[in-house]
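The sequence shown begins at 1 in the UniProt record's numbering and counts up one residue at a time. Note that CB positions come from ideal geometry on N, CA and C, so glycine has one too. Just so it is clear, the structure is predicted and the values come from calculations on it, not from any experiment.
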Amino acid sequence: MAHRESNGTVASAAPLDLSLLRTFLAVHRAGSFTAAARLLGLSQPTVTTQIRSLEDQLGRELFERRPRGVVSTSVADELAAQVAAPLDALATVTDRGGFGADVVPEPVHVAGPAELLCTRVLPALAPLTGQGVRLRVTTGLTDGLLEGLRGGRFDLAIATSRPRGRTLSAVPLADEEFVLVAAPAWAGRIGPDRVAAEGPAVLHGAPLISYAEDLPIARRYWRHVFGVRLTGQAAITVPDLRGVLAAVVAGAGISVLPRYLCLDGLASGALVSLLDPEDPPINTAYLVRRPGVSDNPHVALVAERLLAAGRTW
1 MAHRESNGTV ASAAPLDLSL LRTFLAVHRA GSFTAAARLL GLSQPTVTTQ
51 IRSLEDQLGR ELFERRPRGV VSTSVADELA AQVAAPLDAL ATVTDRGGFG
101 ADVVPEPVHV AGPAELLCTR VLPALAPLTG QGVRLRVTTG LTDGLLEGLR
151 GGRFDLAIAT SRPRGRTLSA VPLADEEFVL VAAPAWAGRI GPDRVAAEGP
201 AVLHGAPLIS YAEDLPIARR YWRHVFGVRL TGQAAITVPD LRGVLAAVVA
251 GAGISVLPRY LCLDGLASGA LVSLLDPEDP PINTAYLVRR PGVSDNPHVA
301 LVAERLLAAG RTW
């Protein structure tokens with residue numbers, strides 16, 4: 001039974017069970033009982049029961065139940081701040097299998113956009129295999145990958161936007177600059193320097209190749225560079241920017257792509273930049289870590305390698 005101290009804080013009459021605190025911290029970080037259960041190897045009803053038991057001991061509600069998970073109360077945030085570091089330190093020791101144990105590190109699970117993983121991340125990480133690092137790579141969109149990170153499916157994820165909330169640690173990895181490109185034939189039809197002189201009207205009639213039907217990257221470019229809303233429909237949609245690039249190089253039309261994907265094409269002349277604005281649109285990619293402290297030394301090795309390589313992308 002909990003009681004209230006003279007200073008207004010709530011305290012338990014008995015020591016709190018470490019297993020309950022461990023479950024609490026997993027729920028706080030994962031944002032749902034189901035995700036925490038997967039992390040801990042427990043059933044969802046067991047996690048629910050343990051959280052209720054801890055709430056009964058404290059005499060305070062820790063989580064507000066929502067249809068898609070839970071939201072931490074201020075009491076939960078304060079408790080997490082108190083117990084996170086000690087529990088993580090204890091887990092580092094207990095999960096190691098004993099001091100001096102000769103344990104082969106687990107594979108590092110890395111997730112991110114397919115294009116960035118294949119063209120930049122994997123080449124940067126390739127030398128680490130010589131140091132015994134094993135990688136398991138998953139591609140996908142940011143929202144789904146961050147959910148997987150919270151649920152413990154990945155160790156590291158590359159996100160195209162900064163994660164909301166405080167459960168995930170994110171640091172800037174690299175900036176993507178977007179460029180308006182076409183094959184030489186289409187660039188010749190549009191006319192050299194006409195885009196800079198006359199604006200987007202000269203692009204009317206040029207087929208647009210896009211990642212998705214709603215033209216997300218191109219719409220942002222039009223708004224940022226030209227200050228107008230892009231209208232029209234895509235001639236081709238491909239849910240992989242490498243496919244968009246291939247279509248543009250083959251002469252299908254024009255597109256807006258990250259510069260890192262276009263470097264070889266621009267250097268060889270297979271692609272032409274239709275405009276070089278002083279302030280091009282830029283998107284920041286973030287390296288995001290799984291909640292908690294990993295005892296796998298290869299996770300830190302992979303993260304350090306990516307952060308060092310990201311400065312050159």
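{"query": "Proximity below 9 Å, CB of L208 to CB of G227", "result": "no"}
{"query": "Cβ-Cβ distance between V70 and S32 below 9 Å", "result": "yes"}
{"query": "Contact between the region 261-272 and the region 201-220 (3+ Cβ pairs under 8 Å)", "result": "no"}
{"query": "Beta-carbon spacing of S72, A85 below 9 Å", "result": "no"}
{"query": "Outcome for L141 when other beta-carbon atoms lying within 10 angstroms are tallied against a minimum of 16", "result": "exposed"}
{"query": "Distance, Y211 Cα to I217 Cα", "result": "8 Å"}
{"query": "Residue span of the beta strand (DSSP E) that contains R136, given as start and end", "result": "L135 to T139"}
{"query": "Inter-residue Cα distance where the pair is E106 and L173", "result": "24 Å"}
{"query": "Minimum length 4: unbroken alpha helix (DSSP H) runs contained in the region 185-231", "result": "194-198 and 216-221"}
{"query": "Endpoints, the beta strand (DSSP E) within which T284 is located", "result": "I282 to R289"}
{"query": "Alpha carbon of R66 to alpha carbon of H224, nearest angstrom", "result": "37 Å"}
{"query": "9 Å Cβ cutoff met for A114 and R242", "result": "yes"}
{"query": "Cβ-Cβ distance between L307 and L287 below 9 Å", "result": "yes"}
{"query": "Boundaries (first-last residue) of the alpha helix (DSSP H) holding V27", "result": "L18 to A30"}
{"query": "Exposed unless 16 or more other CB atoms sit within 10 angstroms - verdict on P291", "result": "buried"}
{"query": "Where L40 falls: helix, strand or coil (DSSP)", "result": "helix"}
{"query": "Classification of I254 by the beta-carbon crowding that lies within 10 angstroms, buried from 16 upward", "result": "buried"}
{"query": "Bridge partners - H109, DSSP secondary structure assignment", "result": "R136"}
{"query": "C-beta contact flag for A36 and S43 at 9 Å", "result": "no"}
{"query": "DSSP-derived helix/strand/coil call for A252", "result": "coil"}
{"query": "Exposed unless 16 or more other CB atoms sit within 10 angstroms - verdict on Q50", "result": "buried"}
{"query": "Cβ-based neighbour list, E177, same chain, cut-off 6 Å, excluding 5 preceding and 5 following", "result": "R259, P280 and I282"}
{"query": "Check whether V272 and V181 have beta carbons under 9 Å apart", "result": "yes"}
{"query": "Which listed residue (R289, V83 and I236) has its alpha carbon closest to that of L25", "result": "V83"}
{"query": "Per-residue DSSP class, three states only, for V75", "result": "helix"}
{"query": "Pairwise C-alpha distance: D17 and A76", "result": "16 Å"}
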